[in-house]
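K.L.:
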Amino acid sequence: MECGGIGALPPVTLFEITLGKGLDEDYYDISLVDGYNLPVVAAPRVLHGGCNATGCLADLNRGCPKELRVDGGGGVVACKSACEAFGLDEYCCSGEYANPTSCKPSFYSTIFKAACPRAYSYAFDDGTSTFTGKAYDYTIVFCANVNRLRSSHSYSTGQPTEGDGDEPADAPSSANNLPFHLYFLLFILFF
Numbered sequence: 021m022e023c024g025g026i027g028a029l030p031p032v033t034l035f036e037i038t039l040g041k042g043l044d045e046d047y048y049d050i051s052l053v054d055g056y057n058l059p060v061v062a063a064p065r066v067l068h069g070g071c072n073a074t075g076c077l078a079d080l081n082r083g084c085p086k087e088l089r090v091d092g093g094g095g096v097v098a099c100k101s102a103c104e105a106f107g108l109d110e111y112c113c114s115g116e117y118a119n120p121t122s123c124k125p126s127f128y129s130t131i132f133k134a135a136c137p138r139a140y141s142y143a144f145d146d147g148t149s150t151f152t153g154k155a156y157d158y159t160i161v162f163c164a165n166v167n168r169l170r171s172s173h174s175y176s177t178g179q180p181t182e183g184d185g186d187e188p189a190d191a192p193s194s195a196n197n198l199p200f201h202l203y204f205l206l207f208i209l210f211f
């Protein structure tokens, strides 16, 4: 996907990636630094070795503090970051707070982090939120239906189909089924 250098308009949940060249690893994360609007999961697909999946499956709009809410269409449609809501250096990690020593997690970023521990919650949240790996593909799932996963046993009983040897095998997929590796990933991230 090419966006011509135009970034997303906050508040928005972001999947960020820097693709490695040649044998270099990719760097990727799910970020809530610019706010939240929907759940996202990113699952790298690899032939050898491993890359960790990341994501935010929680519906932060449901528990969004009143002062961060974006209302529309009869309910909360997004949750602003404290930086966007208040514009203060301490929330934006700017000015005298533009370094990891002085910029610490805020009350608001800790709400995001508690709900989505693998996602960036503030500008210097690298330690638990940036992932590396050499993947040949990424599966990005927006708005995964976690309630359906809880009531379904297909994530534990689905049988992978034979692949062609070049890619990991997937379970049959349709509009109602996710590939087996995503059921497994969502199970690990959520439960």
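Numbering (the working numbering), first residue to last: 21 to 211.
Glycine included, each C-beta is placed from N, C-alpha and C at the ideal position.
Which of the three DSSP states, helix, strand or coil, is assigned to G115?
P.N.:
It is helical.
K.L.:
In three-state DSSP terms, what is Y128?
P.N.:
In this structure, Y128 counts as helix in the three-state DSSP scheme.
K.L.:
Tell me which residues share the same chain as P125 and place their Cβ nearer than 6 Å to its Cβ, disregarding the 5 neighbours each side in the sequence.
P.N.:
Here the set comprises Y142.
K.L.:
Distance check for G115 and V32, CA to CA, integer angstroms please.
P.N.:
In a straight line, the C-alpha of V32 is about 23 Å away from that of G115.
K.L.:
From the DSSP output, in three-state form, read off L77 for me.
P.N.:
Of the three classes helix, strand and coil, the one that applies to L77 here is coil, per DSSP.
K.L.:
Excluding the 5 residues preceding and the 5 following N72 in the sequence, name in chain order all residues of the same chain whose CB lies nearer than 6 Å to its CB.
P.N.:
Taken in chain order, the residues that qualify are F151.
K.L.:
Since I believe C99 is in contact with Y111 (beta carbons under 8 Å), could you give me their beta-carbon distance rounded to a whole number of angstroms?
P.N.:
About 14 Å; that fails the 8 Å criterion.
K.L.:
Determine the closest residue to L88 out of K154, S101, T130, K41, with distance taken between C-alpha atoms.
P.N.:
With distances taken between Cα atoms, L88 lies closest to S101.
K.L.:
On the three-state DSSP scale, how would you describe E36?
P.N.:
Here E36 sits in strand by DSSP.
K.L.:
Checking 8 Å against the spacing of the C-beta atoms, do I37 and Y140 come in under that value?
P.N.:
Taking 8 Å as the Cβ cut-off, I37 and Y140 do not qualify as a contacting pair.
K.L.:
If you reduce the DSSP assignment to three classes, tell me which class G147 lands in.
P.N.:
Three-state result, G147: helix.
K.L.:
Is it the case that the Cβ atoms of C163 and F144 are separated by a distance below 8 Å?
P.N.:
Going by C-beta atoms, C163 is not nearer than 8 Å to F144.
K.L.:
On the CB-based measure, 16 or more other CB atoms within 10 Å of its CB, does I26 come out buried or exposed?
P.N.:
When all chains shown are included, I26 counts as exposed.
K.L.:
Please determine if the region 74 to 83 and the region 42 to 61 are in contact, where contact requires at least 3 C-beta pairs separated by less than 8 Å.
P.N.:
Contact between the region 74 to 83 and the region 42 to 61 is present, because at least three Cβ pairs lie under 8 Å.
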